[in-house]
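Trainee: This is the structure, below, for whatever I ask next.
Number of protein chains: 2
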Amino acid sequence: MKHNTLQSPSRQKPRRENLADRIYEQLKALIFNFQLLPGDYFSETEIAERFAASRTPVREALHRLHREQYVDVHFRSGWQVRPFDFKVFEDLYDLRILLETSAIERLCNLTELPACIAELSAIWCVPDVDRVTDMTLSDMDRSFHSRLVQAAGNEEMARIHRDISERIHIIRRLDFTKDYRIDATYQEHAAILDAIQHRRSDHAKYLLRAHIIVSRDEVRKITLHMLQEARERHM
Amino acid sequence: MKHNTLQSPSRQKPRRENLADRIYEQLKALIFNFQLLPGDYFSETEIAERFAASRTPVREALHRLHREQYVDVHFRSGWQVRPFDFKVFEDLYDLRILLETSAIERLCNLTELPACIAELSAIWCVPDVDRVTDMTLSDMDRSFHSRLVQAAGNEEMARIHRDISERIHIIRRLDFTKDYRIDATYQEHAAILDAIQHRRSDHAKYLLRAHIIVSRDEVRKITLHMLQEARERHM
DNA sequence: TTGCTAAATCTTGTATACAAGACAGGATAC
DNA sequence: GTATCCTGTCTTGTATACAAGATTTAGCAA
Numbered sequence: 005m006k007h008n009t010l011q012s013p014s015r016q017k018p019r020r021e022n023l024a025d026r027i028y029e030q031l032k033a034l035i036f037n038f039q040l041l042p043g044d045y046f047s048e049t050e051i052a053e054r055f056a057a058s059r060t061p062v063r064e065a066l067h068r069l070h071r072e073q074y075v076d077v078h079f080r081s082g083w084q085v086r087p088f089d090f091k092v093f094e095d096l097y098d099l100r101i102l103l104e105t106s107a108i109e110r111l112c113n114l115t116e117l118p119a120c121i122a123e124l125s126a127i128w129c130v131p132d133v134d135r136v137t138d139m140t141l142s143d144m145d146r147s148f149h150s151r152l153v154q155a156a157g158n159e160e161m162a163r164i165h166r167d168i169s170e171r172i173h174i175i176r177r178l179d180f181t182k183d184y185r186i187d188a189t190y191q192e193h194a195a196i197l198d199a200i201q202h203r204r205s206d207h208a209k210y211l212l213r214a215h216i217i218v219s220r221d222e223v224r225k226i227t228l229h230m231l232q233e234a235r236e237r238h239m
Numbered sequence: 005m006k007h008n009t010l011q012s013p014s015r016q017k018p019r020r021e022n023l024a025d026r027i028y029e030q031l032k033a034l035i036f037n038f039q040l041l042p043g044d045y046f047s048e049t050e051i052a053e054r055f056a057a058s059r060t061p062v063r064e065a066l067h068r069l070h071r072e073q074y075v076d077v078h079f080r081s082g083w084q085v086r087p088f089d090f091k092v093f094e095d096l097y098d099l100r101i102l103l104e105t106s107a108i109e110r111l112c113n114l115t116e117l118p119a120c121i122a123e124l125s126a127i128w129c130v131p132d133v134d135r136v137t138d139m140t141l142s143d144m145d146r147s148f149h150s151r152l153v154q155a156a157g158n159e160e161m162a163r164i165h166r167d168i169s170e171r172i173h174i175i176r177r178l179d180f181t182k183d184y185r186i187d188a189t190y191q192e193h194a195a196i197l198d199a200i201q202h203r204r205s206d207h208a209k210y211l212l213r214a215h216i217i218v219s220r221d222e223v224r225k226i227t228l229h230m231l232q233e234a235r236e237r238h239m
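Top to bottom, those sequences are chains B and V.
According to this note's numbering, the first sequence is numbered sequentially starting from 5.
According to this note's numbering, the second sequence is numbered sequentially starting from 5.
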């Protein structure tokens, strides 16, 4: 193979929108919205017809979703939305706790905190009346935790944290339908930020762990509830 | 879209070998062996001709390598082996330390250790003469650390640990060319296993952290050395 | 009704054709 | 000499055709 037959492109192009990406996003949305249910079988042709595209970009999107554990491919027998696996979510939550407490540890060892922390405080450490809700609380919560990890400066940890947060998000959203969690979320985030700003590492980690475990337990209940409902539907 | 137009395939098929997977592996090998150098540009057609295949499976392999951070795609301007980024490897090492110390912590809290730990001891806690070397030390080392994380029981952590270990492996292999590291590796692994078996969590974590940091520093030196050589070649 | 066989249908995997744009190099204007 | 524009070549992105096999279903026998 000849090397360097291509010249170096002058600039990094902004990866203009392509069909495969669009289909990827929309397909993921279908899965997130339970329009494609865990366990459902479908074919590339079906998806291609639905999006008025050819199989090529659909395949690219599906293989990407496969790598990200959302769907499974069966050789010459179609695709399947990966069924919920209870343990996977438990494991992902534990991994989140690990990454986020590590981030807190690192942040608390800094003499000067990144500007990002002050920005988070401006969002979360506010009286009730100043609370903005242009995002859903679910998205705001995800953003809070992601930015916390990002602020610690390890890009790889941040990238993985984003990925697993998104995977959890499928089921996590369902939690925030309950109003009483809104106040609690604000208070808990504010307390965590406060502890970080006072460099109380262990306390911050303790608060965060408790905060995430509440989520995990809620999700556990939701999962059980969904399984129950699914069973009833099929009886 | 009609749901469930497909019936459930009776069995999980063993995903028979396909061309895209083969090309993916071979392409990764090319990158690992520095036959494709970081920074090199190439096109899908070149790769396809080299492997006597069409662009379709090549594209699938390349997109997979892209998601795994090995290559970059430039819109209508070819592909590029992602240049080495020093900080990425540093970050990956820190993530490894985090995952592995977490695994040790968990293992040390078990009343009964998984059988896997005894198996590892059988490999690493042996006198010099009993050392087997059917694998390269580099592969054995990777296997040791992966199995340690696997033993802790969190599948997601184990999966991510495997992925990052593989990414580090590109450069990590170069370290084990030095003979004096062989003895050290055996001793350090044995010491870590011993500490785990005696439930000395903090000590095991301390040993492991030191063990990985040595690797990281070696890699750092290698990277600097390679950069130096590359500079000299281009002068 | 039940069980078996074979063809018809449908699936993914792969090769190829086409489209739209990026890039290099040369011609041209000045 | 220098800058600009044009054109040909090469690139990836997308659509489509074909291959090989898995699944289903119709048909038939007992």
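Note that beta-carbon positions come from the ideal geometry of N, C-alpha and C, so glycine has one too.
Note down, one range per segment and in chain order, each alpha helix (DSSP H) of at least 4 residues found wholly within the stretch 103-168 of chain V.
Mentor: 119-128, 141-155, all fully within the stretch 103-168 of chain V.
Trainee: Would you check if the distance between the CB atom of residue 63/V and the CB atom of residue 48/V is smaller than 8 Å?
Mentor: Contact flag set, yes.
Trainee: In whole angstroms, what is the alpha-carbon distance linking residue 243/V and residue 110/B?
Mentor: With chain V covering only 5 through 239, there is no way to say anything about residue 243/V.
Trainee: Report yes or no: is there a C-beta of chain V within less than 8 Å of the C-beta of residue 106/B?
Mentor: Closer than 8 Å to some Cβ of chain V, the Cβ of residue 106/B qualifies, so yes.
Trainee: I'd like to know whether the C-beta of residue 21/V is nearer than 8 Å to at least one C-beta of chain B.
Mentor: Closer than 8 Å: no.
Trainee: Under the rule that 16 or more other beta-carbon atoms within 10 Å means buried, what is residue 8/B, buried or exposed?
Mentor: Residue placement at residue 8/B cannot be trusted, given a pLDDT of 39 that sits under 50; what the coordinates show is reported in the next sentence. Under this definition residue 8/B is an exposed residue.
Trainee: Output the boundary residues of the alpha helix (DSSP H) element that contains residue 39/V.
Mentor: Counting along the chain, residue 39/V falls outside any alpha helix (DSSP H), and DSSP gives it neither H nor E.
Trainee: Given that residue 139/B touches chain V, what residues does it touch there, using C-beta distances under 7 Å?
Mentor: The contacting residues do not exist; residue 139/B stays about 27 Å from chain V at best.
Trainee: Rounding to the nearest angstrom, what Cα-Cα distance links residue 36/B and residue 174/B in this structure?
Mentor: Going from the Cα of residue 36/B to the Cα of residue 174/B covers about 5 Å.
Trainee: How far does the beta strand (DSSP E) with residue 202/B in it extend, from its first residue to its last?
Mentor: Looking at the DSSP string, residue 202/B is not in any beta strand (DSSP E), and its letter there is neither H nor E.
Trainee: Using a Cβ cut-off of 7 Å, pull out every chain V residue sitting near residue 144/B, in sequence order please.
Mentor: Those within 7 Å of residue 144/B in chain V number zero; the least Cβ separation is about 25 Å.
Trainee: With C-beta atoms as the reference, is residue 196/B less than 8 Å away from residue 112/B?
Mentor: In this structure, residue 112/B does not lie closer than 8 Å to residue 196/B by Cβ.
Trainee: Residues of the stretch 144-162 of chain V in Cβ contact with chain B at a cutoff of 8 Å, in chain order, please.
Mentor: Here the close residues are 158, 159, 160, 161.
Trainee: Residue 151/B and residue 120/B - do their beta-carbons sit closer together than 8 Å?
Mentor: Yes, they are a contact pair.
Trainee: Given this structure, state the Cα-to-Cα distance separating residue 141/V from residue 75/V, to the nearest angstrom.
Mentor: Taking the straight line joining both Cα atoms gives about 27 Å.
Trainee: What does the Cβ neighbour count give for residue 106/B, buried or exposed, with the cut at 16 atoms within 10 Å?
Mentor: Its Cβ being crowded by 16 or more others within 10 Å, residue 106/B is buried.
Trainee: Which of helix, strand or coil does DSSP assign to residue 93/V?
Mentor: Looking at residue 93/V - three-state DSSP - the assignment turns out to be helix.
Trainee: Which residues in chain B sit within 9 Å of residue 92/V, going by Cβ to Cβ distance?
Mentor: Those are 159, 160, listed as they occur along chain B.
Trainee: Leaving out five residues before and five after residue 236/V in sequence, what residues of the same chain have Cβ atoms less than 8 Å from its Cβ?
Mentor: Here the set comprises nothing.
Trainee: Any beta carbon from chain V within less than 8 Å of residue 7/B's own beta carbon?
Mentor: In this prediction, residue 7/B has a pLDDT of 37, which is less than 50 and means its spatial position is unreliable; what the coordinates show is noted afterwards. So, interface residue.
Trainee: Give the interface partners of residue 64/B over in chain V, defined as CB-CB distance under 7 Å, in chain order.
Mentor: Simply 67.
Trainee: Which residues mark the beginning and the end of the alpha helix (DSSP H) in which residue 50/B is found?
Mentor: Here the alpha helix (DSSP H) through residue 50/B covers 48-54.
Trainee: Between 114/B, 116/B, 40/B, 46/B, which lies nearest to residue 88/B when the distance is taken from Cα to Cα?
Mentor: Ranking 114/B, 116/B, 40/B, 46/B by Cα distance to residue 88/B puts 40/B first.
Trainee: How many whole angstroms separate the CB atoms of residue 82/V and residue 46/V, which I take to be in contact at a CB cut-off of 8 Å?
Mentor: That belief holds up - the Cβ atoms of residue 82/V and residue 46/V are roughly 7 Å apart, short of 8 Å.
Trainee: Which of the three DSSP states is assigned to residue 232/B in this structure?
Mentor: Helix, per DSSP.
Trainee: Please classify residue 93/B as buried or exposed, where buried requires at least 16 neighbouring CB atoms within 10 angstroms.
Mentor: Buried, because 16 or more other Cβ atoms sit within 10 Å of the Cβ of residue 93/B.
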